[in-house]
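The structure appears right after this line, and notes come after that.
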Amino acid sequence: MIYDVAIIGAGVVGGLTARQLSRYKLSVCLIEAGCDVALGATKANSAIVHGGYDPVPGTLKAELNVKGTAMMEKLCEELEVHYKNNGSMVVAFDEEQLEHVKKLYQRGIANGVPGLSVISGDRAREIEPALSKNIAGALLCESSGIVCPYDLTIAAVGNAMDNGADLALGFKVVDIKDNGENYEICSDDGAKIQARYVVNSAGLYSDEVARMLGDEYHITAKKGEYMLLDKSEGGLVKKTIFQTPTKAGKGILVSPTVDGNLLVGPTSEKTDKGDKATTPGGLDTIKEKASMSADNINYRAVITSFTGLRASCDESDDFILEISKHSKRAINAVGIDSPGLSSSPAIAEYIAQLLSDAGLKLEENADFCGRRVNCKHFRTLSEAEKNEMIKKEPSYGRVICRCETVTEGEILEAIRQNPKATTIDGVKRRTRAGMGRCQGGFCMPFVTDIIAKELKIARCQVTKTGGKSRLLFGKTK
Ligand SMILES: Cc1cc2nc3c(=O)[nH]c(=O)nc-3n(C[C@H](O)[C@H](O)[C@H](O)COP(=O)(O)OP(=O)(O)OC[C@H]3O[C@@H](n4cnc5c(N)ncnc54)[C@H](O)[C@@H]3O)c2cc1C
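Position one of the sequence shown corresponds to residue 1 (our numbering), numbered consecutively onward.
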């Protein structure tokens, strides 16, 4: 089969682009090197839906951030993804920073960001009592929010698949041949996919995929380390608290997550594309800086730490979204660093327009259904709904993850619903089994058993996150 469009990279950009294209009468294949969707920058970031006061007016970042953020709430409602319009503050500790905060306000006004005001330190502490007494003032942004980036991507890909798109996992693109009409996209293990048009949304590796199309960009990885605190600490602040940005980035934030945890980070360091390690130095920096914003951050309640890698483009600070210079039926999405998550719904529309400019016919698909019914999270149901669910399907009565109250029924649904979870981390991201205080110490063996049984494979074939990440290697006796 020759697809109309092949999208390379199933992060939030590729996932939402697949969903956007499934609105039209097109055959679409989403190609991903990993064993699941949302394994790149989309898996590990601050999860903030930025207001849009940070990007320089006139840039694509400014335009698509403000547009994407305005689209996010409705999109999340359609995809049954948890989104919260919690608002944010950029805090300033001295006069110089206050001047910068006022510049951000002006920038936000120029970008068309709603709900902005500059407030005093006292007003900031009235809104957020945990804030430090050293805060002299802040930019308040009412229009920003928080979302779960991998939930959004999983739901977007699932919805695209419900509308006819295909997903090819474990397909690492190593070569693209163009015969003038079609592309032949080749994987490292010899598999081939053909398509008339190609979208390169390969994140950190979008420069390598662009090179296969004859285009030259250079991506540098910028590492951001984080610490995630237990839900007991999630109420410390309601809003996302940023510090005044510097050249190094937006600085260390303190934020609730949509699931009720507290997130602190990220750092910003250039590194290798393969370096996902957290470091004692990075975590110490986070502690030192986050404690400047808010008092009483309880670091004894840290349940995990992680690293995300920003795909920073050497050629431009702006998003690069353009038709390939050498291969006119291909679109490059390069340098999609922050605010890429916030902008992603608007980026998907922009890419569809670029495909149309490149000659692809976009004819509406009357059967498109943008709503997705996701697996219900048992813990969020009322007692009556829980009883009803257990009556219909007894596996909802068996709690597998005690920290997050995740039932066997939800895990089975995660393995059965597109895009299907096939690994322990895949189940974790869809259900939260293993995301609580014990980080899977209790439930991982049970989740392993359920995956093995459902996929009809041996327990020792179950992996944490694909490839060689097996947990069990055989029986002792
Ligand atoms: C530390 C950090 C903090 C951030 N905070 C925010 C924030 O708060 N708000 C915000 O708006 N944005 C934020 N961002 C930016 C946001 O996370 C990214 O812009 C967004 O996730 C990029 O999505 P993507 O789909 O372009 O890339 P990715 O999610 O990286 O997806 C690219 C995919 O391509 C696949 N791939 C790569 N090469 C190949 C190949 N050869 N063949 C097949 N597949 C391939 C990868 O496996 C990957 O799954 C942050 C980023 C980081 C790292």
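Cβ atoms here follow ideal geometry from the backbone N, Cα and C, with glycine treated the same way.
Task: Sequence-distant residues of its chain with Cβ nearer than 6 Å to Gly-370 (five each side left out) - done: Mapped onto the sequence shown, residue 370 falls at position 370. Non-local C-beta neighbours of Gly-370 in its own chain, meaning closer than 6 Å and more than five positions away in sequence, comprise Glu-78, ordered along the chain.
- [ ] Verify whether the separation of the beta carbon atoms of Pro-266 and Glu-233 is less than 7 Å.
- [x] For this step, residue 266 is matched to residue 266 along the sequence shown. For this step, residue 233 is matched to residue 233 along the sequence shown. No.
- [ ] For Ala-202, verify whether its CB is less than 6 Å away from any heavy atom of ligand 1.
- [x] Counting from 1 along the sequence shown, the entry for residue 202 is found at position 202. Ala-202 Cβ: within cutoff of ligand 1.
Task: Spatial neighbours of Ser-27 in its chain, beta-carbon cut-off 6 Å, leaving aside the 5 residues before and after - done: As a position in the sequence shown, residue 27 is number 27, starting the count at 1. Excluding sequence neighbours, Ser-27 sits near Tyr-3 and Asp-4.
Open item on the list: Strictly by DSSP, which residues pair up with Ser-305?
Closed with: As a first step, residue 305 must be located in the sequence shown, where it is residue number 305. The partner list for Ser-305 (beta bridge, DSSP) reads Met-227.
Task: Three-state secondary structure (DSSP) of Gly-409 - done: The sequence position of residue 409 within the sequence shown is 409, counting from 1. In the structure shown, Gly-409 sits in a helix (DSSP, three-state: H, G or I).
- [ ] Look at the Cβ atom of Phe-93, then the Cβ atom of Asn-134, and state whether they are nearer than 7 Å.
- [x] The count along the sequence shown starts at 1 and reaches residue 93 at position 93. The count along the sequence shown starts at 1 and reaches residue 134 at position 134. Cβ atoms of Phe-93 and Asn-134: closer than 7 Å.
TODO: Within the stretch 3-43, note down every full beta strand (DSSP E) run reaching 3 residues or more, in order along the chain.
DONE: Counting only runs of 3 or more, we get 28-31.
Task: beta-carbon Glu-32 near ligand 1 non-hydrogen atom, thresh 6 Å - done: Within the sequence shown, residue 32 is the residue found at index 32, counting from 1. It does: the Cβ of Glu-32 is within 6 Å (strictly closer) of some heavy atom of ligand 1.
Task: Met-435 - DSSP class collapsed to helix/strand/coil - done: Sequence index remark: in the sequence shown, residue 435 carries index 435 (1-based). Residue state, collapsed to three classes: coil.
TODO: Compare the C-alpha of Leu-75 against each of Thr-153, Val-399 and Pro-55 and name the closest.
DONE: The residue labelled residue 75 in the question sits at position 75 within the sequence shown. The candidate whose alpha carbon is nearest that of Leu-75 is Thr-153.
Task: Counted within 10 angstroms of its Cβ, other Cβ atoms place His-50 as buried (16 or more) or exposed - done: As a working mapping, residue 50 is identified with position 50 in the sequence shown. Buried, by the Cβ-count rule.
Open item on the list: Please give the ranges of any alpha helix (DSSP H) in the stretch 79-132, keeping only runs that are unbroken, at least 4 residues long and fully inside the region.
Closed with: 95-111 and 121-127
TODO: For Lys-172, verify whether its CB is less than 6 Å away from any heavy atom of ligand 1.
DONE: Counted from its first residue, the sequence shown places residue 172 at position 172. Checking every heavy atom of ligand 1 against the Cβ of Lys-172, one is found closer than 6 Å.
Open item on the list: Output needed for Thr-257: all residues of its chain with C-beta closer than 8 Å, excluding positions within five of it in sequence on either side, in chain order.
Closed with: Residue numbering aside, residue 257 sits at position 257 when the sequence shown is read from its first letter. If we look at Thr-257 and ignore the five residues flanking it on each side, its Cβ neighbours are Ala-47, Ile-146, Cys-148, Leu-228, Gly-234 and Leu-263.
Open item on the list: Comparing C-alpha positions only, which one of Ser-143, Gly-108 and Gly-158 sits nearest to Asp-36?
Closed with: Looking up residue 36 in the sequence shown gives position 36. Taking only the C-alpha atoms, the option nearest Asp-36 is Gly-158.
Open item on the list: Is it the case that the stretch 427-437 contacts the stretch 398-406, given that we only count it when at least three CB pairs across the two stretches are under 8 Å?
Closed with: yes
- [ ] Return yes when the C-beta of Ser-144 is under 6 Å from any heavy atom of ligand 3, and no when it is not.
- [x] Ligand 3 is not part of this structure, which contains only ligand 1.
Task: Same chain, Cβ closer than 6 Å to Asp-151, neighbours up to 5 away in sequence not counted - done: For this step, residue 151 is matched to residue 151 along the sequence shown. Here the set comprises Val-81.
Task: contact_flag[the stretch 327-340, the stretch 200-210] where n(CB pairs < 8 Å) is 3 or more - done: yes
- [ ] Look up Tyr-197 in the DSSP assignment and say whether it is helix, strand or coil.
- [x] Walking along the sequence shown from the start, residue 197 turns up at place 197. If DSSP states are grouped into helix, strand and coil, Tyr-197 belongs with the strands.
TODO: Tell me whether the beta-carbon of Thr-42 lies closer than 7 Å to the beta-carbon of Gly-14.
DONE: As a position in the sequence shown, residue 42 is number 42, starting the count at 1. As a position in the sequence shown, residue 14 is number 14, starting the count at 1. No, the pair does not count as a contact, with Cβ atoms beyond the cut-off.
Open item on the list: What I want to know is whether the C-beta of Gly-108 ends up closer than 6 Å to one or more non-hydrogen atoms of ligand 1.
Closed with: Looking up residue 108 in the sequence shown gives position 108. Not so, every heavy atom of ligand 1 lies at least 6 Å from the Cβ.
Task: Close Cβ partners of Asn-261 (< 8 Å) along its chain, the five nearest in sequence each way excluded - done: Within the sequence shown, the letter at position 261 stands for residue 261. The answer, listed in chain order, is Leu-228, Leu-229, Asp-230, Lys-231, Glu-233, Gly-234 and Ile-303.
Task: Cβ distance (whole Å) where Asn-365 is taken to contact Tyr-24 below 8 Å - done: Here residue 365 refers to the residue found at position 365 of the sequence shown. Here residue 24 refers to the residue found at position 24 of the sequence shown. That pair is a contact at about 5 Å.
Task: Proximal residues to Thr-240 (C-beta, below 7 Å), its chain only, five neighbours per side dropped - done: As a first step, residue 240 must be located in the sequence shown, where it is residue number 240. For Thr-240, where only same-chain residues beyond five positions count, the Cβ hits under 7 Å are Ile-48, Asn-86, Ser-88, Ser-144, Ile-146, Leu-253 and Ser-255.
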